[in-house]
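Peer 1: All residue numbers for the sequence shown refer to UniProt numbering, where the first residue is 1 and numbers rise by one.
For each residue, glycine too, the CB sits at the ideal point set by N, CA and C.
Please see the structure below; I have some questions.
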Amino acid sequence: MFRNGTPSNFIIFKKLCGTGATHGEAKVYKRHSIIIVPNTPVLKGKKEAIDENGNSKYPDIFVVYEGVSKQEVEVYLNGQVTFKKILCTPEAYILKVKPAIEENNNFNLFTDFFMLLDECDKITKDADFRYSLVAPLDDFFQFKNKAMISATALIPSDRRFEEHNFKRLYVKPKFNYKQNITIFDTNNIVATLKEELAKVGEEKVFIFLNSVELIQVIIELLQIEDFSKVFCAEKSKVKLIDSGFSNVSTELTDFKKYNFLTCKFFNAVDIDLEEKPNVILITDVLRKAFSMLDPYSDSVQIVGRFRNGIKNAVHISNSNKNLKWKEKQRAISFIKDAYDTYKDLEVMKAITTKEGAIVILTEAMTGSFIHSYIKENGEVDPYLVDGFLLDQAITGYYTHINKLNRAYLHSNFFRPTVIKMNYNINDAHIISMKLKSTASALIQNISEILRANENAPSNGVLNFDLGRSNEVIRKQHADIANFYDVIGFDSMAELEFNKSAIKLKVKKTEKELERNNPKLILKIQSLYKPDETPSEMEIAADFQVIYNDLGICEIARPSHLTRYYIASRTSNDQGIKVWKIKGKKVL
């Protein structure tokens, strides 16, 4: 990419993925290099890469991640490779690469090696839950030669970049590189995905969604288990296998028709295919907030995974105007005010001698959200602040589809088109049916699905036919389906979908239905004629025979006579309790 090697003290914005920047540092440039990349799949991909002749594409590199020891790094350093090319995760650099080089008398870590932070946007994006990404930064500024690079590089607020006179370098192609993308604004992710999958026929589809739980729900609802494969991290793989889904892998191999990928494969992983696949991005802000995708980085990275290009790009998403977020200046003030208050508490704690006050102040400080943002030197970590600001901005995109569309436009990478898809059955009904929810919420969702399937949708509203799943829903939620069939949606809504109240009303209604069974009425009203006086014992026996014959699980009592006859209770000459029949009730 660069004739004289990656330039030092630059944050490099390569507009496209796969432009050869990492390739040059790993193979071409004649110097020792340490290339830090965020995820293990990238490292494995470089290690296993084969050229067109079947030979190793990077014969001189040494890849360090979990399972590779410090001793193995030492062996590589002392080996015959002239220019050492070490690719590692941030964690591996701190624990293995750095100590191995520092203990080797042949090398000076900071002057002999060029450090390249690849896909550096991950430092800002993921520092809040994987702080080890930030760990190499203190060393980074001590290197004589160093650079950061990404197709979606974010400008960090770390003052040290300015102190070391870092510059920005934008690498833009001369050809038209903008990618068309269709944004589906939908109230039913599953229905919209079903429509899109129907369009592609037998072509391969790659679906990017950062939730294995949601992936499993979608696969089950669309009944595509036999044609699907999930690619995710090891923990998620175990979770899926434990829940009964076995077609899952941590390695990008043996693709199927429908390939679902989590965020582990969003960045820097090359996917080499002969054909150009269909790519679908999915976001569900109503249930899985962490599935939000940043059009400026995530979407660009995902599309850039496919080295031979893609056929079509789609982003299916819902939106939520009630999402809580802060505009940039408000978010900055929020952090500043929290930090200032934290420091005030720190002063109060330092001057008080009261044990109770110290305990309360300590709890207030350590229990605050800002506590995790503060470094050992007492300063706020700029990468965590940058990550907070980024999260706020991304959340704002999903409050309305127009904001998401503008973000795609302003990314200067996409040409977006928005299509609205509104269905009679929405995400809350479909997905919440599978995910954990309260009993009343589940009852409401299932009953709303059953009602929607009975009524034709209004103008402009699409019908989502679950197909075989309608029967599956009734089988899996037979009790709720019975509630709906017996008392109907309106009665269930009046009872606020409370299961106990519904069961009582259903039981009462079912008894009323049994009592008004035409066969039962006909048989019972054929027993007696006006002026007859059957005894209570005879009535109970006659009724029980009919109940048993019709399968009614109820003990017959003499008083049941009044349900079907106009009659009065009296005694005959022998003092036996009898009922005098006056006529039949009209039922």
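Report back the beta-carbon spacing between V64 and V73 to the nearest angstrom; my notes put them in contact at under 8 Å.
Peer 2: Right, their Cβ atoms sit about 6 Å apart.
Peer 1: Can you find the residues in the same chain that come closer than 8 Å, C-beta to C-beta, to A501, ignoring five residues on each side of it along the sequence?
Peer 2: L495.
Peer 1: Note down the Cα distance separating L404 from A147, rounded to an integer number of angstroms.
Peer 2: Cα-Cα distance, rounded: 31 Å.
Peer 1: For a test of the three-state rule: what should DSSP assign to A49, helix, strand or coil?
Peer 2: Coil, per DSSP.
Peer 1: Within the same chain, show all residues whose beta-carbon is closer than 7 Å to that of K46, passing over the 5 residues directly before and after it, in chain order.
Peer 2: Within the same chain, K46 has close Cβ partners A26, Y58, I61, V63, L87.
Peer 1: Can you tell me which of the three DSSP states D185 falls into?
Peer 2: If DSSP states are grouped into helix, strand and coil, D185 belongs with the strands.
Peer 1: Output the distance between the C-alpha atoms of I280 and K511, rounded to the nearest integer angstrom.
Peer 2: For I280 and K511, the distance between alpha carbons rounds to 52 Å.
Peer 1: If you measure from the beta carbon of D549 to each beta carbon in chain D, is any gap under 8 Å?
Peer 2: Given the protein chain composition of this structure (a single chain), no chain D is represented.
Peer 1: Could you tell me whether the stretch 409 to 419 touches the stretch 344 to 359, where touching means 3 or more Cβ pairs closer than 8 Å?
Peer 2: No, the stretch 409 to 419 does not touch the stretch 344 to 359.
Peer 1: Does R569 come out as helix, strand or coil in the three-state DSSP assignment?
Peer 2: In this structure, R569 counts as strand in the three-state DSSP scheme.
Peer 1: Within a Cβ cutoff of 8 Å, which residues of the same chain sit near S291, ignoring the five residues on either side of it in sequence?
Peer 2: Result list for S291: L209, N210, S211, L214, I282, T283, D284, V285, in chain order.
Peer 1: Comparing C-alpha positions only, which one of S440, K125, R563 sits nearest to C263?
Peer 2: The option with the nearest alpha carbon to C263 is K125.
Peer 1: Can you tell me whether R468 is helix, strand or coil according to DSSP?
Peer 2: Any reading at R468 needs caution, since the residue's pLDDT is 48, under 50, leaving its predicted position unreliable; the model's value is listed next. Here R468 sits in helix by DSSP.
Peer 1: Measuring CA to CA, which of L116, V42, N104 is closest to R31?
Peer 2: Nearest option by C-alpha distance: L116.
Peer 1: Is any heavy atom of the ligand FMN found at a distance shorter than 7 Å from the C-beta of H164?
Peer 2: Ligands displayed in this structure: none; no statement on the ligand FMN is therefore possible.
Peer 1: What does the alpha-carbon distance come out to for the pair I189 and A493?
Peer 2: When rounded, the distance between both Cα atoms is 26 Å.
Peer 1: Out of V472, D337, R159, E251, which has the shortest C-alpha to C-alpha gap to E48?
Peer 2: Among V472, D337, R159, E251, the Cα nearest to that of E48 is on E251.
Peer 1: Along the chain, where does the alpha helix (DSSP H) containing S500 start, and where does it finish?
Peer 2: Start and end: 499 to 515.
Peer 1: Between the Cα of F231 and those of L222, Q223, F245, L221, spot the shortest distance and give me the residue it belongs to.
Peer 2: If we check each option's Cα against that of F231, F245 comes out closest.
Peer 1: Keeping to the same chain, check which residues put their C-beta closer than 8 Å to that of K85; ignore five residues upstream and five downstream.
Peer 2: Only E25, A26, K27, H32, S33, I35, Y58, D60, I61, F62 meet the Cβ criterion.
Peer 1: Does the distance from the CB of L513 to the CB of Y484 come in under 8 Å?
Peer 2: No; because the gap between Cβ atoms is not below 8 Å, this pair is not in contact.
Peer 1: Output the distance between the C-alpha atoms of P41 and G67, rounded to the nearest integer angstrom.
Peer 2: Whole-angstrom Cα-Cα distance: 14 Å.
Peer 1: Which word fits R468, buried or exposed, when buried means at least 16 other C-beta atoms lie within 10 angstroms of its C-beta?
Peer 2: Reliability fails at R468, whose pLDDT of 48 lies under 50, so the model's placement of it is uncertain and the value that follows must be treated cautiously. Flag for R468 reads exposed.
Peer 1: Compare the Cα-Cα distances from N165 to each of I241, A313, F10 and report the closest residue.
Peer 2: Nearest of I241, A313, F10 to N165, Cα basis: F10.
Peer 1: Roughly how far, in whole angstroms, is the beta-carbon of V380 from the beta-carbon of I332, given that I think they are within contact range, below 8 Å?
Peer 2: That belief does not hold up - the Cβ atoms of V380 and I332 are roughly 11 Å apart, past 8 Å.
Peer 1: Run through DSSP, which three-state label would H315 get?
Peer 2: Here H315 sits in strand by DSSP.
Peer 1: Does DSSP put N412 in a helix, a strand or coil?
Peer 2: Three-state DSSP puts N412 in coil, outside helix and strand.
Peer 1: Take S249 and list the residues in its own chain whose beta-carbon comes closer than 6 Å to its own, dropping the five residues that flank it on each side.
Peer 2: Here the set comprises F231.
Peer 1: Suppose only complete runs of 4+ residues qualify. What are the alpha helix (DSSP H) ranges in the stretch 90 to 133, listed by chain order?
Peer 2: Complete alpha helix (DSSP H) runs here, min 4: 98 to 102, 109 to 112, 121 to 126.
Peer 1: Using only the alpha-carbon positions, how far apart do A407 and T89 sit?
Peer 2: In a straight line, the C-alpha of A407 is about 30 Å away from that of T89.
Peer 1: Assign M148 to one of three DSSP states: helix, strand, or coil.
Peer 2: It is a strand residue.
Peer 1: Assign S56 to one of two classes, buried (16 or more other C-beta atoms within 10 Å of its C-beta) or exposed (fewer than that).
Peer 2: Exposed, because fewer than 16 other Cβ atoms sit within 10 Å of the Cβ of S56.
Peer 1: Kindly indicate the opening and closing residues of the alpha helix (DSSP H) around R159.
Peer 2: 159 to 163 is the span of the alpha helix (DSSP H), which, as asked, contains R159.
Peer 1: K328 to S157, Cα distance in whole Å?
Peer 2: Rounded to whole angstroms, K328 to S157 spans 13 Å at the Cα level.
Peer 1: Would you call the CB atoms of G583 and P530 closer than 8 Å?
Peer 2: Their beta carbons are under 8 Å apart, which means G583 touches P530 by this criterion.
Peer 1: Measure how close the beta-carbons of L77 and N104 come, nearest whole angstrom, since I'm counting them as under 8 Å.
Peer 2: The pair is a contact, with the Cβ atoms about 5 Å apart (cut-off 8 Å).
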